[in-house]
Amino acid sequence: MGKLEIDLAAPLLDGPRESDFLRLQPGKITELVGETGAGLTRIGLSLLAEPSRSGPVVVVDTRGWISPEAAWETGVEAESLVIVRCHERPLWSRVTAALIEGVPAVFAEVPVGMKDQDLRRLGALARARKTLVAFRPMGPRLPAGVSHLRLRSLGITWEGADRGHGKLKGRRILLEASGKGAGGITRRFEVEDGGRKIEQVEDESKNPLRLVSDVVADQARRAAG
């Protein structure tokens, strides 16, 4: 994948700020869409960093891949984190509903084959409880009306080994925001994921995911191609 071309002088579009896309909103579901390996688990975990400083947060892991350390690296407070592993569809729906009712913030992978009516019920429950929720579908997108904001990963660029050798320093994730949470228009922007080692972090409020720049549409197409 080639290096992303960024116009730092490009004017920002009217509407919600890009930094707001990386912050969960009470009762409004954020949907994370993209292929495995597109950086979305990292994004989802980072969305729990801020709420973890004021209360418990839960990750619902359907694949058995997510580790506590991966969450800690994004800034999630260790004492606030709970990881629930659940891949069975009927059980997942009940477990996730209970968590949305009782926990301030939830990031949940959604198993393949979930019924639209079950997902709509969870969306209604999140709105009623004002819970902070992010869903990462493992299959098709969520049914219409469930998510308030959709973040779709368009591609990743790794930095530090551009000549075929060297040490990887980090990566940039190109995201597309759409839905009501994006003001009804499609927005493309980048997130720089530098990573971190837990023992090197002095400021616990610092999140390694940083907004880089608003990306205009023609540049985004070249970057993802």
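If you count the sequence shown from 1, position 140 lands on 177 in my numbering, and the numbers rise without skipping.
Glycine included, each C-beta is placed from N, C-alpha and C at the ideal position.
Exercise. Based on the DSSP output, what are the partners of E213 in its beta bridges?
Worked result: Here residue 213 corresponds to residue number 176 of the sequence shown, with the count starting at 1. The partner list for E213 (beta bridge, DSSP) reads R189, R225.
Problem set entry | Touch test, the region 59-69 against the region 155-170, Cβ-Cβ under 8 Å, three pairs minimum | yes
Exercise. Beta strand (DSSP E) containing R173: first to last residue?
Worked result: Taking the first residue of the sequence shown as 1, we reach residue 173 at position 136. 169-174 is the span of the beta strand (DSSP E), which, as asked, contains R173.
Exercise. Residues in its own chain within less than 7 Å of I103 by CB, not counting five upstream and five downstream?
Worked result: Mapped onto the sequence shown, residue 103 falls at position 66. Excluding sequence neighbours, I103 sits near T78, V96, I120.
For this session: Under 7 Å Cβ to Cβ from A75, same chain only, skipping five residues before and after it: list those, please.
Result: Taking the first residue of the sequence shown as position 1, residue 75 is located at position 38. Taken in chain order, the residues that qualify are S190, I193.
Exercise. Could you give the uninterrupted runs of the beta strand (DSSP E) lying entirely in the region 102-151, keeping only those of 3 residues or more?
Worked result: 118-122, 142-147
Problem set entry | Classification of A108 by the beta-carbon crowding that lies within 10 angstroms, buried from 16 upward | For the purposes of this step, residue 108 is taken as the residue at position 71 of the sequence shown. A108 is buried by the Cβ-count criterion.
For this session: For P174, count neighbouring C-beta atoms within 10 Å of its own C-beta (all shown protein chains included) and say buried if the count is 16 or more, exposed if not.
Result: Position 137 of the sequence shown holds residue 174. Classification for P174: buried.
Problem set entry | Beta-carbon proximity check, S89 vs S117, cutoff 7 Å | To locate residue 89, count along the sequence shown from 1; it is residue 52. To locate residue 117, count along the sequence shown from 1; it is residue 80. Yes, they are a contact pair.
Exercise. Do V70 and R178 have their C-beta atoms within less than 7 Å of each other?
Worked result: Position 33 of the sequence shown, counting from 1, holds the residue named residue 70. Position 141 of the sequence shown, counting from 1, holds the residue named residue 178. Yes, Cβ-Cβ distance for V70 and R178 is below 7 Å.
Problem set entry | Backbone CA spacing between L186 and F172 [nearest angstrom] | Position 149 of the sequence shown, counting from 1, holds the residue named residue 186. Position 135 of the sequence shown, counting from 1, holds the residue named residue 172. Linking L186 to F172 through their CA atoms gives a straight-line distance of about 10 Å.
For this session: For the beta strand (DSSP E) holding D98, just list the boundary residues, first then last.
Result: As a working note, residue 98 is residue 61 in the sequence shown. Per DSSP, D98 belongs to the beta strand (DSSP E) from 94-98.
Problem set entry | DSSP-derived helix/strand/coil call for E55 | Within the sequence shown, numbered from 1, the residue matching residue 55 stands at position 18. Helix at E55.
Exercise. Just how far apart, CA to CA, sit T111 and D98?
Worked result: Taking the sequence shown and counting its residues from 1, one reaches residue 111 at position 74. Taking the sequence shown and counting its residues from 1, one reaches residue 98 at position 61. Approximately 16 Å, taken between the alpha carbons.
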